[in-house]
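Chains X and R supply the protein sequences, listed in that same order.
Residues 59 to 406 (the numbering used here) make up the first sequence, in order.
Residues 59 to 406 (the numbering used here) make up the second sequence, in order.
Beta carbons: idealized from backbone N, C-alpha and C, even for Gly.
Number of protein chains: 2
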Amino acid sequence: MAIRKAKHTIQEFALIRTIARRFARRVSRLVRGIGDDAAVIAASRPIWWHFTTDLLAEGVHFDLSVASAESVGYRAAMANLSDIAAMGAVPRYLLTSLAIPKSFPSARIFDLYEGLMRACRIHDVRLIGGDTSASKAGLFLSITLIGTTSASRALFRNGAHVGDHIYVTGTLGDSFAGLQLLTRGKTSRSTRRNRHQLGRSHRQFLVNRHLRPMARIAEGQWLNNARLATAAIDLSDGLSGDLQHICEESRVGAELDLGKIPISTACRAYAERNGLQPVQMALTGGEDYELLFTAPSRKQATIERQARARGYRVTCIGTIRPHRFGIQMTSSDGTMRPMPVTSYEHFR
Amino acid sequence: MAIRKAKHTIQEFALIRTIARRFARRVSRLVRGIGDDAAVIAASRPIWWHFTTDLLAEGVHFDLSVASAESVGYRAAMANLSDIAAMGAVPRYLLTSLAIPKSFPSARIFDLYEGLMRACRIHDVRLIGGDTSASKAGLFLSITLIGTTSASRALFRNGAHVGDHIYVTGTLGDSFAGLQLLTRGKTSRSTRRNRHQLGRSHRQFLVNRHLRPMARIAEGQWLNNARLATAAIDLSDGLSGDLQHICEESRVGAELDLGKIPISTACRAYAERNGLQPVQMALTGGEDYELLFTAPSRKQATIERQARARGYRVTCIGTIRPHRFGIQMTSSDGTMRPMPVTSYEHFR
Numbered sequence: 059m060a061i062r063k064a065k066h067t068i069q070e071f072a073l074i075r076t077i078a079r080r081f082a083r084r085v086s087r088l089v090r091g092i093g094d095d096a097a098v099i100a101a102s103r104p105i106w107w108h109f110t111t112d113l114l115a116e117g118v119h120f121d122l123s124v125a126s127a128e129s130v131g132y133r134a135a136m137a138n139l140s141d142i143a144a145m146g147a148v149p150r151y152l153l154t155s156l157a158i159p160k161s162f163p164s165a166r167i168f169d170l171y172e173g174l175m176r177a178c179r180i181h182d183v184r185l186i187g188g189d190t191s192a193s194k195a196g197l198f199l200s201i202t203l204i205g206t207t208s209a210s211r212a213l214f215r216n217g218a219h220v221g222d223h224i225y226v227t228g229t230l231g232d233s234f235a236g237l238q239l240l241t242r243g244k245t246s247r248s249t250r251r252n253r254h255q256l257g258r259s260h261r262q263f264l265v266n267r268h269l270r271p272m273a274r275i276a277e278g279q280w281l282n283n284a285r286l287a288t289a290a291i292d293l294s295d296g297l298s299g300d301l302q303h304i305c306e307e308s309r310v311g312a313e314l315d316l317g318k319i320p321i322s323t324a325c326r327a328y329a330e331r332n333g334l335q336p337v338q339m340a341l342t343g344g345e346d347y348e349l350l351f352t353a354p355s356r357k358q359a360t361i362e363r364q365a366r367a368r369g370y371r372v373t374c375i376g377t378i379r380p381h382r383f384g385i386q387m388t389s390s391d392g393t394m395r396p397m398p399v400t401s402y403e404h405f406r
Numbered sequence: 059m060a061i062r063k064a065k066h067t068i069q070e071f072a073l074i075r076t077i078a079r080r081f082a083r084r085v086s087r088l089v090r091g092i093g094d095d096a097a098v099i100a101a102s103r104p105i106w107w108h109f110t111t112d113l114l115a116e117g118v119h120f121d122l123s124v125a126s127a128e129s130v131g132y133r134a135a136m137a138n139l140s141d142i143a144a145m146g147a148v149p150r151y152l153l154t155s156l157a158i159p160k161s162f163p164s165a166r167i168f169d170l171y172e173g174l175m176r177a178c179r180i181h182d183v184r185l186i187g188g189d190t191s192a193s194k195a196g197l198f199l200s201i202t203l204i205g206t207t208s209a210s211r212a213l214f215r216n217g218a219h220v221g222d223h224i225y226v227t228g229t230l231g232d233s234f235a236g237l238q239l240l241t242r243g244k245t246s247r248s249t250r251r252n253r254h255q256l257g258r259s260h261r262q263f264l265v266n267r268h269l270r271p272m273a274r275i276a277e278g279q280w281l282n283n284a285r286l287a288t289a290a291i292d293l294s295d296g297l298s299g300d301l302q303h304i305c306e307e308s309r310v311g312a313e314l315d316l317g318k319i320p321i322s323t324a325c326r327a328y329a330e331r332n333g334l335q336p337v338q339m340a341l342t343g344g345e346d347y348e349l350l351f352t353a354p355s356r357k358q359a360t361i362e363r364q365a366r367a368r369g370y371r372v373t374c375i376g377t378i379r380p381h382r383f384g385i386q387m388t389s390s391d392g393t394m395r396p397m398p399v400t401s402y403e404h405f406r
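Below is the structure:
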């Protein structure tokens, strides 16, 4: 399903960095431009506005033969909400543009908006603008999401320090398993048998995690407002790729304890029945839309206590190391090996 | 060249209105959502933020066999700057997303950004974010532009009153003529002869007006800050379509004096040599990115005096009438007829 290859992704990041260097300059009001989950602008006094944008292409980011238009809309909005969550911001407003093939039924466009708005309603986000045009080939969807934080108060990718602990919310790999269940069910008889071996509640849980992800908005605001996290990112590319982003931006290394990565019972059951490593699914699966964050080790007890009190699942999965350490993974048998640099992306 | 048909455009507006009614609610901070050139949010105190977004598709909005990637980028940014101009706002920040076919040379992507930034530099606009992804078919470009005005101070489409005069900046129809020169030069021998009959400076002027339009940012801010205009819109669809938007939003009619529509000498010469009506080119040609605005009749002398002093070309072309009057056009011979309801769009 990896039709957007890792190679392409790396070129893309290089392109963005080139553009950032070439065109982005320091501006007084601009708190954060290219290179984070959202662009941030400090308004006159007590507010920072956060802007994030995504362009989704049919056949690249979503496949309308697998997912409904409603689900595509929902997941597109949720992906952007997740970026806002990773800033510790309150999502506020949405602008959305569509390029629509002439043959596309308008009922499905409406379904797509329904999905967008379903995601937005959960977080009280309002649609404030957009554009609609024709497309000669495939549906394209562009989303800009605007959020706010108090002035001078946001979570960035570049704040991780050596010695900080590394945490994730929720469980990882579920969305990838859910996608596999949805797509393999269409293509292969043998895997359809496997699918039936998986209990119905497990299957529903995993498919739901893929089709109905939930951006960790409340968790992001908590980490930001309580000044607990030093850096944060949302898990859209997979733990491997997103941890790399934190390490690059913070100029640090990391040691990941593979045995501590939180895997759901359903994901573990799916992996077992399909000869997969659940940890591998967490590292490269992507689209879990959980938060990956770092925090000083002295705050561990506070984080765990407050998370419990609020009903958030938060797991410590490693430690920030010096830059020269690189990113290493420790297995349950105590062996250590470098984290592979690839992450791959699939339909979303 | 009208590959996006009028029919499609009308469906599109109906769709936007449906969506607006369905999803947009009144929000305290939201000054203007769907249905104007930009969405406006009042920040904590002295500032309103303006957001406008466009999604441009290869083969629909631009044709890379006619226009360079640099020119596509420039014109895409300028189209959004023009929306900000029509609000009377100061353009500030740009977010841009691209979906790129795998075969697309990265040098051309760079050219496209060069074009975007060339337009932005003219108005001191900073690139603050975006997204890059793969496309299976064609290049797609999404732009979000953010501008500001003082709080409670902006130009909308719905402020025109009966008796107001109707004005435009600059000259109309040039961009359409320029596009014709660019595209016909590629396809037809007979029109190539016609093209050669047109003086070189005329040809250069028209082609430049198409490839290098200039959003009327200064004029928009002047009209807004000096409290001269009651309503404004930028001319992207053609005078006919955009005047209709003003009339619909303001619930008024209009009387247009066709003889007063400002036509450049070059456009007039082009029209003569090609058997076209220059007024028709102004009404339906589109992409002039001039401003169309209304103002109380008592302000006419002030507007003309201040425009002269600032070096802005401003022409009074008609009068706002009651809604039941409809939109009528008066010819130089004194006859009056209803304005046709179509406007068409072409490559941009």
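What residues in its chain sit with their C-beta under 8 Å from that of residue i, if we drop five residues either side in the sequence?
i	result
residue 395 (chain X)	386, 387 and 389
residue 318 (chain R)	373, 374, 375 and 376
residue 105 (chain R)	206, 207, 208 and 209
residue 213 (chain R)	144, 145, 146, 278, 281, 282, 287, 289, 290 and 351
Starting from residue i, follow the beta strand (DSSP E) in both directions and report where the run begins and ends.
i	result
residue 336 (chain R)	No beta strand (DSSP E) holds residue 336 (chain R); the alpha helix (DSSP H) holding it covers 336-342.
residue 136 (chain X)	That residue, residue 136 (chain X), is in no beta strand (DSSP E); its alpha helix (DSSP H) goes 127-144.
residue 281 (chain R)	It is not in any beta strand (DSSP E) - residue 281 (chain R) instead sits in the alpha helix (DSSP H) that spans 275-283.
residue 112 (chain R)	105-115
residue 289 (chain R)	289-292
Quick one: what's got a C-beta closer than 6 Å to residue i's C-beta in the same chain, skipping five residues either side?
i	result
residue 128 (chain X)	169, 172 and 173
residue 398 (chain R)	none
residue 47 (chain X)	No answer is possible for residue 47 (chain X): it lies beyond the span of chain X, which begins at 59 and ends at 406.
residue 72 (chain X)	For residue 72 (chain X), the predicted model reports a pLDDT of 48, less than 50, meaning its position is unreliable and no value from the coordinates is stated.
residue 155 (chain X)	188, 189 and 200
residue 325 (chain X)	231, 232, 235 and 336
residue 157 (chain X)	191, 193 and 198
residue 263 (chain R)	324
residue 134 (chain X)	114, 199 and 201
residue 183 (chain R)	149 and 152
residue 393 (chain X)	none
residue 407 (chain R)	What is shown of chain R runs 59 to 406, which leaves residue 407 (chain R) out entirely.
Where do the ends of the alpha helix (DSSP H) carrying residue i lie?
i	result
residue 268 (chain X)	258-269
residue 296 (chain R)	Residue 296 (chain R) -> no alpha helix (DSSP H), and no H or E assigned at all.
residue 200 (chain X)	First-last for residue 200 (chain X): 198-208, but that is the beta strand (DSSP E), not the alpha helix (DSSP H).
residue 169 (chain X)	164-180
Tell me, please, which residues DSSP counts as bridged to residue i.
i	result
residue 374 (chain X)	X:225
residue 386 (chain X)	X:313 and X:396
residue 239 (chain X)	DSSP lists no partner for residue 239 (chain X).
residue 219 (chain X)	Partner(s): none; residue 219 (chain X) has no beta bridge.
residue 186 (chain R)	Bridge partners of residue 186 (chain R): none, in fact.
residue 159 (chain X)	X:193
residue 118 (chain X)	In DSSP, residue 118 (chain X) forms no bridge with anything.
residue 304 (chain R)	Residue 304 (chain R) pairs with nothing; no bridge assigned.
residue 150 (chain X)	Paired residue(s): none; residue 150 (chain X) is not in a bridge.
residue 379 (chain R)	R:311
Can you give me the Cβ contacts of residue i inside the same chain, cut-off strictly under 7 Å, excluding the 5 residues immediately before and after it?
i	result
residue 265 (chain R)	236, 239 and 240
residue 354 (chain R)	222 and 288
residue 296 (chain R)	341, 342, 343, 344 and 401
Inset, instruction - Evaluate contact between the region 295-310 of chain X and the region 344-360 of chain X, counting only Cβ atoms and requiring at least three cross-stretch pairs below 8 Å. - result: yes
Legend entry - Every unbroken beta strand (DSSP E) within the region 307-362 of chain R, with a cutoff of 3 residues, ordered by chain: Segments of the beta strand (DSSP E) lying fully in the region 307-362 of chain R: 311-315 and 349-353.
Inset, instruction - For the region 175-190 of chain X and the region 136-154 of chain X, state whether three or more C-beta atom pairs, one from each stretch, are separated by less than 8 Å. - result: yes
Legend entry - Touching by the beta-carbon criterion (3+ pairs, under 8 Å), the region 366-385 of chain X and the region 214-221 of chain X: As far as the Cβ criterion goes, the region 366-385 of chain X touches the region 214-221 of chain X, which means the pair count is three or higher.
Legend entry - Three-pair Cβ contact test at 8 Å for the region 304-320 of chain R versus the region 200-209 of chain R: no
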